[in-house]
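Read the structure below first, then the notes.
In my numbering, the protein residues as written are 260 to 346.
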């Protein structure tokens with residue numbers, strides 16, 4: 260699978276999640292290592308970061324669906340926007 264096809268598929272699946280969650284894939288960070296695709300994603304709802312325990316479940320379900328239904332092994336990498344990091 261090409262990177263472009265993977266991004267199209269992942270965007271489609273993330274768009275179907277709903278619950279007011281907006282996912283932003285960091286395209287420059289998407290990479291393939293052996294049979295794994297690593298996809299960094301920012302998840303926000305109403306401008307705030309979605310709690311990690313919520314995204315972990317969403318990503319785990321999507322990773323399973325991608326492997327079982329599309330034959331592609333993906334690991335979603337939760338990210339946060341730099342502007343939300345406080346020192």
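Cβ atoms here follow ideal geometry from the backbone N, Cα and C, with glycine treated the same way.
Can you name the residues that DSSP bridges to residue 299?
Residue 299 is bridged to 336.
Could you have a look at residue 281 and say whether DSSP puts it in helix, strand or coil?
Reduced to three states, the DSSP call for residue 281 is strand.
Where residue 334 falls, given that 16 or more other Cβ within 10 Å makes a residue buried:
Exposed, by the Cβ-count rule.
Rounded distance between the beta-carbons of residue 294 and residue 332, thought under 8 Å
Yes, they are in contact, since the Cβ atoms of residue 332 and residue 294 sit about 5 Å apart, within 8 Å.
Spatial neighbours of residue 327 within its chain, please: C-beta separation below 8 Å, excluding the five flanking residues on both sides.
Closer than 8 Å at Cβ, skipping near neighbours: no residue.
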